[in-house]
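Visitor: Can you keep this structure in mind? I'll have questions shortly.
Residue numbers (the working numbering): 832 to 1144.
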């Protein structure tokens, strides 16, 4: 009853957060049922202590939801006072996430359309890929018939330090397994990505014909003119230039990944589904990162519809 009463008064994204907190943190932490009128701050402290073990924000969000529920119970004269203010406070983690609004995204995509990194940008924005995953993609990872891509590797730095630790003796970019076990995943690919993938393939074939034996064919989708992988900081440098020239807030590849998740949340996609698409190790990791987004006032809607695709020249 309390859940229904609360849901009538809040935004849809807040409803989702509240339901997640209620069924994932609070209910599993209730060891015994007691009558509402005898619930004390001591009882709730034990409940919150148990709930807080799930993730860093669980204690704070559980306490916040309980406060509203008990406040409503007081207003409804089901109890005489709200015991939650006397419970232990839990700090809330607030990761800094820079995202763009709808108009800014359109501007970014239009600006990126004529540059060499457009495919990489939409891979982050439309599929939520990490930087290393994008740089590690190969043409063989794509199933054009099924319109899917298999994320099964990442590029990372392999650094060997000097014996005294004063400097770097050797630096290489190597292929590694995805960040977590669940990062090895298959995703559906939007048509715009497939179109740009074909353009990239033609461009790379032209480079092969031009350079002949000097081209090092490693099948990478994102690579230098000679076939070797880009540096790990190259994509963020491109984003910095795009944002600087177009007077946009500075974002990173990670920021594009956050925007992907934000749009899915606003479209009502479940945290569990988003967690799988992002390749997070657990649903709690996703909840932790995107709690602020789910609580945000600003809405970013209809991300993957036609209006976000820049016009062809």
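Glycine included, each C-beta is placed from N, C-alpha and C at the ideal position.
Going by C-alpha distance, which of 1027, 1021 and 1059 is nearest residue 1039?
Guide: Nearest C-alpha to residue 1039: 1059.
Visitor: So what does DSSP say about residue 1003, is it helix, strand or coil?
Guide: Residue 1003 falls in the strand class under three-state DSSP.
Visitor: Taking only three categories from DSSP, how would you classify residue 961?
Guide: If DSSP states are grouped into helix, strand and coil, residue 961 belongs with coil.
Visitor: Mind listing, in chain order, the continuous alpha helix (DSSP H) runs of no fewer than 4 residues lying wholly within the stretch 844 to 886?
Guide: If we require 4 residues or more, the alpha helix (DSSP H) runs fully inside the stretch 844 to 886 come out as 872 to 882.
Visitor: Please state the DSSP three-state secondary structure of residue 979.
Guide: It is a strand residue.
Visitor: Have a look at 856, 1052 and 976 and flag the residue whose alpha-carbon is nearest the alpha-carbon of residue 984.
Guide: Comparing Cα positions, the closest option is 1052.
Visitor: Beta-carbon within less than 8 Å of residue 857's beta-carbon, same chain only, minus the 5 sequence neighbours each way: which residues are those?
Guide: Only 878, 882, 893, 896 and 897 meet the Cβ criterion.
Visitor: With DSSP as the reference, label residue 916 as helix, strand or coil.
Guide: Residue state, collapsed to three classes: helix.
Visitor: Excluding the 5 residues flanking residue 1112 on each side, which residues of the same chain have their C-beta closer than 7 Å to its C-beta?
Guide: Closer than 7 Å at the Cβ level, and outside the excluded window around residue 1112, lie 1011 and 1013.
Visitor: Inspect the beta-carbon positions of residue 1006 and residue 949 and report whether they are closer than 9 Å.
Guide: No, the pair does not count as a contact, with Cβ atoms beyond the cut-off.
Visitor: Buried or exposed for residue 962, going by 16 or more other Cβ atoms inside 10 Å?
Guide: By the 10 Å Cβ count, residue 962 comes out buried.
Visitor: For the candidate residues 1110, 1101, 1023 and 914, whose alpha-carbon lies nearest to that of residue 850?
Guide: Considering only alpha carbons, the answer is 1101.
Visitor: Terminal residues of the continuous beta strand (DSSP E) containing residue 1016?
Guide: Run containing residue 1016: 1016 to 1019, per the beta strand (DSSP E) assignment.
Visitor: Thinking just about the alpha-carbon of each residue, which of 1077, 1082, 1083 and 1085 is nearest to the one in residue 941?
Guide: With distances taken between Cα atoms, residue 941 lies closest to 1077.
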